[in-house]
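Peer 1:
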Amino acid sequence: MTEEIKLNSSKLGTQEYWNEFYKRELQNFHSNSDDTGECWFDDSDAESKMIQFILDKLEEGELAKDASFLDLGTGNGHLLFELSQELKEVSENFKFHGIDYSAESVAFAKDIASKKYPDIPFKFDQVDLLSDTPFLENKFDVLLDKGTLDAIALNQDLVNGVRGMDIYASQVSKMMDNGSILLVTSCNFTETELVKVITSRTELRKWDQIQYPSFQFGGVQGSTVVSIAFIK
Numbered sequence: 001m002t003e004e005i006k007l008n009s010s011k012l013g014t015q016e017y018w019n020e021f022y023k024r025e026l027q028n029f030h031s032n033s034d035d036t037g038e039c040w041f042d043d044s045d046a047e048s049k050m051i052q053f054i055l056d057k058l059e060e061g062e063l064a065k066d067a068s069f070l071d072l073g074t075g076n077g078h079l080l081f082e083l084s085q086e087l088k089e090v091s092e093n094f095k096f097h098g099i100d101y102s103a104e105s106v107a108f109a110k111d112i113a114s115k116k117y118p119d120i121p122f123k124f125d126q127v128d129l130l131s132d133t134p135f136l137e138n139k140f141d142v143l144l145d146k147g148t149l150d151a152i153a154l155n156q157d158l159v160n161g162v163r164g165m166d167i168y169a170s171q172v173s174k175m176m177d178n179g180s181i182l183l184v185t186s187c188n189f190t191e192t193e194l195v196k197v198i199t200s201r202t203e204l205r206k207w208d209q210i211q212y213p214s215f216q217f218g219g220v221q222g223s224t225v226v227s228i229a230f231i232k
């Protein structure tokens, strides 16, 4: 159970905040096409580490060279765009799909894709990951989360008696076949907490993780960012 894991609520956990945020980002992009928006976790190099993790798994034969990728909470699509560029030399058969509950985010990602990457068939859809939506019937090989669970956990409001962070993993699991991978990067959960949130209500189990520089405080060792891969 994850009831004992609780974060303080924040505006960063609301759809209204992100709609306004990406509305401004889209306006900035229209004014300057070089301004493609924020790269979250840039200070920890998390995005490039996630991409390198995928490249390593492909080289080791752990992932197929026609894998389908789903970016959960895609924002401006930056992770998918960078991933597609790095995977060019590996195969042209990968599929890239991004979802976000913010309509402004999806519009922004689509706009960038059409202007910057017209030759790659990216797909972007507005999807509320925590709702009962037909989109969850789709299946993907690799699901990516860079801060989306963090944002969900910053809204502690109950919906039908449960918090979003407590149904996140079971919702995501619906889009995974046996052998599918979920790679989650978080700055709000410790390694132990993240494993508990993802595995306590699902068939997902820890598969591997990305190493970051660690620090020690009060006799406890840890890092500011955690990236863990789970397998179904």
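Numbering follows UniProt numbering, with no gaps: position 103 of the sequence shown is 103. Here a beta-carbon is modelled for each residue, glycine too, at the ideal position from N, C-alpha and C. Note that the structure is a prediction, hence the values are computed from the model and not measured.
#1: Assign residue 171 to buried or exposed, taking buried as 16 or more other Cβ atoms, counted over all protein chains shown, within 10 Å of its Cβ.
#2: Sort 71, 232, 80, 57 by Cα distance to residue 145 and report the nearest one.
#3: Looking only at its own chain, which residues have a Cβ that is under 6 angstroms from the Cβ of residue 122, when we skip the five neighbours before and after it?
#4: Going by DSSP in three states, residue 230 sits in which element: helix, strand or coil?
#5: What is the DSSP secondary structure of residue 3, counted as helix, strand or coil?
#6: Taking the Cβ atom as the reference point for each residue, do residue 54 and residue 84 lie within a distance shorter than 9 angstroms?
#7: If you scan the UniProt domain "Methyltransferase" (65–210) from start to end, which runs of the alpha helix (DSSP H) of 4 or more residues do you find wholly inside it?
#8: Classify residue 55 as helix, strand or coil using the three-state DSSP reduction.
#9: Within the chosen definition, does the segment 136–151 reach the segment 51–68 through at least 3 CB pairs nearer than 8 angstroms?
#10: On the criterion of 16 or more Cβ atoms from any shown chain inside 10 Å, does residue 195 qualify as buried, or is it exposed?
#11: Taking a contact to mean a Cβ-Cβ separation below 9 angstroms, would you say residue 98 touches residue 74 in this structure?
#12: Between the Cα of residue 205 and those of 23, 169, 175, spot the shortest distance and give me the residue it belongs to.
#13: Beta-carbon within less than 7 angstroms of residue 175's beta-carbon, same chain only, minus the 5 sequence neighbours each way: which residues are those?
#14: Verify whether the separation of the beta carbon atoms of residue 209 and residue 191 is less than 9 angstroms.
#15: Measure from the alpha carbon of residue 93 to the alpha carbon of each residue in 102, 101, 63, then state which is nearest.
#16: Below 8 angstroms on the Cβ atoms is my contact criterion, and I expect residue 124 with residue 77 to pass it. Report the Cβ-Cβ distance as a whole number of Å.
Peer 2: The structure says:
#1: Looking at its Cβ environment, which holds 16 or more other Cβ atoms inside 10 Å, residue 171 is buried.
#2: Nearest of 71, 232, 80, 57 to residue 145, Cα basis: 71.
#3: The beta carbon of residue 122 lies closer than 6 angstroms to those of 96, 113 in the same chain, with the five residues before and after it left out.
#4: Of the three classes helix, strand and coil, the one that applies to residue 230 here is strand, per DSSP.
#5: Annotation note: pLDDT 48 at residue 3 (below 50); position unreliable, no value reported.
#6: At least 9 angstroms separates the beta-carbon of residue 54 from that of residue 84.
#7: For the UniProt domain "Methyltransferase" (65–210), whole alpha helix (DSSP H) runs of length 4 or above, ordered along the chain, are 78–87, 103–116, 148–153, 164–173, 191–199.
#8: Reduced to three states, the DSSP call for residue 55 is helix.
#9: The answer is yes - the segment 51–68 touches the segment 136–151, with three or more Cβ pairs under 8 angstroms.
#10: So residue 195 ends up on the buried side.
#11: Yes. Within cutoff.
#12: Of the candidates 23, 169, 175, the residue whose Cα lies closest to the Cα of residue 205 is 169.
#13: Excluding sequence positions up to five before and after residue 175, its CB lies within less than 7 angstroms of the CB of 70, 136, 138, 139, 140, 143, all in the same chain and listed in chain order.
#14: Result yes, Cβ atoms of residue 209 and residue 191 sit closer than 9 angstroms.
#15: For the residues 102, 101, 63, the minimum Cα distance to residue 93 belongs to 63.
#16: About 7 angstroms; that satisfies the 8 angstroms criterion.
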